[in-house]
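Engineer: Residue numbering for the sequence shown follows this note's numbering, beginning at 1 and increasing consecutively.
Can you read through this structure? Questions will come right after.
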Amino acid sequence: MKPAMDAATEEPQEQSQEKRGCFECCIKCLGGVPYASLVATILCFSGVALFCGCGHVALTGTVTLLENHFSKVTSDNAVLTDVIQLMQYIIYGIASFFFLYGIILLAEGFYTTSAVKELHSEFKTTICGRCISGLFVFLTYILGVAWLGVFGFSAVPVYVFYNVWSTCTAMRPPAANITSIDSICVDVRQYGIIPWNATPGKACGSTLGDICNTSEFYLSYHLYIVACAGAGATVIALIHFLMILSANWAYLKDASHMHAYQDIKSKEEQELQDIQSRSKECLNSYS
1 MKPAMDAATE
11 EPQEQSQEKR
21 GCFECCIKCL
31 GGVPYASLVA
41 TILCFSGVAL
51 FCGCGHVALT
61 GTVTLLENHF
71 SKVTSDNAVL
81 TDVIQLMQYI
91 IYGIASFFFL
101 YGIILLAEGF
111 YTTSAVKELH
121 SEFKTTICGR
131 CISGLFVFLT
141 YILGVAWLGV
151 FGFSAVPVYV
161 FYNVWSTCTA
171 MRPPAANITS
181 IDSICVDVRQ
191 YGIIPWNATP
201 GKACGSTLGD
211 ICNTSEFYLS
221 YHLYIVACAG
231 AGATVIALIH
241 FLMILSANWA
251 YLKDASHMHA
261 YQDIKSKEEQ
271 ELQDIQSRSK
281 ECLNSYS
């Protein structure tokens, strides 16, 4: 009976050791995850997706709105149509680039976290790795400045649509007299969207009210707001990435200095041991 009991007690111990090993492995894997880079990547993907998706649909709705109500002659808004199509193609490129760039920055975060975690082991950073980290810092800074301009540019259509919406609101009673509604107009030519010779170029009174009630206006207005918010979120994500990359570059630099110091220290200790061993050999030979 005793050998059977010993075998029965050994099996739970082996299972507990296996569970403990899996738990420690999971904790080690979770400890190597760059959570700051992961949060910045999710925020960057979300911001770029909102900006590109909502901006693309809003631009299409804007063209439809202008062609139906403000510039009914195709030749008048041909340039604007070409510009909007070009901007939509640029949006495709922005989405693809930032999808790839976010993955690269996340991978760089994993690499740097591993370098810091294994600072006192045989893991060593190279000059190439530090140069790549410095290049990412510079590139992220340039992209952050560029996205500040994109954020400001995305606020322009929000401002234009808000002015039109405010004018439509002012026409509703009791904000305005019923007899003065036809004198309230919106001329989009003054914003430089369409040329001055566009026909009709402006909308007044009940016509303007009908434009504000169309699905193109309502949808485009709110999509431009969401796109502007997405651009702002992307700016915040790039600033977050910039702080992370700067800290990671400093960690890699300190790690390289630490490894250089440890190498020098180990060489000096080895030389000291060699000198001591030689001195002992000399003393033994004299004796």
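We put the beta carbon where it would ideally sit given N, CA and C, even for glycine.
Let's test the definition: count the other Cβ atoms within 10 Å of the Cβ of TYR35 and tell me whether it reaches 16, buried, or not, exposed.
Structural biologist: For the purposes of this step, residue 35 is taken as residue 35 along the sequence shown, with counting starting at 1. Answer is exposed; the Cβ neighbour count stays below 16.
Engineer: Grouping DSSP H, G and I as helix and E and B as strand, with all else coil, what is ALA198?
Structural biologist: The residue you call residue 198 lines up with position 198 of the sequence shown. In this structure, ALA198 counts as coil in the three-state DSSP scheme.
Engineer: Does the beta-carbon of THR234 have 16 or more other beta-carbons within 10 angstroms, so that it is buried, or is it exposed?
Structural biologist: Translated into positions along the sequence shown, residue 234 becomes position 234. Classification for THR234: buried.
Engineer: What separation, rounded to the nearest whole angstrom, lies between the Cα atoms of ASN77 and GLY47?
Structural biologist: Within the sequence shown, residue 77 is the residue found at index 77, counting from 1. Within the sequence shown, residue 47 is the residue found at index 47, counting from 1. Going from the Cα of ASN77 to the Cα of GLY47 covers about 30 Å.
Engineer: Would you give the residue range spanned by the beta strand (DSSP E) that VAL186 belongs to?
Structural biologist: Numbered from 1 along the sequence shown, position 186 holds the residue referred to as residue 186. Here the beta strand (DSSP E) through VAL186 covers 185 to 187.
Engineer: Along the chain, where does the alpha helix (DSSP H) containing ASN68 start, and where does it finish?
Structural biologist: For the purposes of this step, residue 68 is taken as residue 68 along the sequence shown, with counting starting at 1. Element bounds for ASN68: 35 to 69.
Engineer: With a Cβ-Cβ cutoff of 8 Å, do LEU50 and ALA237 count as a contact?
Structural biologist: Taking the first residue of the sequence shown as 1, we reach residue 50 at position 50. Taking the first residue of the sequence shown as 1, we reach residue 237 at position 237. The answer is no: Cβ separation not under 8 Å.
Engineer: Given LEU143, which residues of its chain have a CB within under 7 Å of its CB, disregarding the five upstream and five downstream residues?
Structural biologist: Taking the sequence shown and counting its residues from 1, the one referred to as residue 143 is at position 143. Excluding sequence neighbours, LEU143 sits near LEU238.
Engineer: Judging by CA-CA distance, which residue of THR81, TYR89, SER37 and CYS212 is the nearest neighbour of GLU108?
Structural biologist: Taking the first residue of the sequence shown as position 1, residue 108 is located at position 108. Checking every option, the nearest Cα to that of GLU108 belongs to SER37.
Engineer: Am I right that ILE158 and TYR224 are in contact with their C-beta atoms under 8 Å? What's the rounded C-beta distance?
Structural biologist: The residue labelled residue 158 in the question sits at position 158 within the sequence shown. The residue labelled residue 224 in the question sits at position 224 within the sequence shown. In the sequence on display, residue 158 carries Val and not Ile. With 8 Å as the limit, VAL158 and TYR224 qualify as a contact, their Cβ atoms being about 5 Å apart.
Engineer: What's the C-alpha gap between GLY232 and SER154?
Structural biologist: Here residue 232 refers to the residue found at position 232 of the sequence shown. Here residue 154 refers to the residue found at position 154 of the sequence shown. Distance between the alpha carbons of GLY232 and SER154 is about 9 Å.
Engineer: Around the C-beta of TYR221, are 16 or more other C-beta atoms found within 10 angstroms, so that it is buried, or is it exposed?
Structural biologist: On the sequence shown, residue 221 is found 221 positions in, with the first residue counted as 1. Answer is buried; the Cβ neighbour count reaches 16.
Engineer: Checking the sheet assignment: what are the DSSP bridge partners for ALA203?
Structural biologist: By one-based count along the sequence shown, residue 203 stands at place 203. DSSP output for ALA203 lists VAL186 as bridge partner(s).
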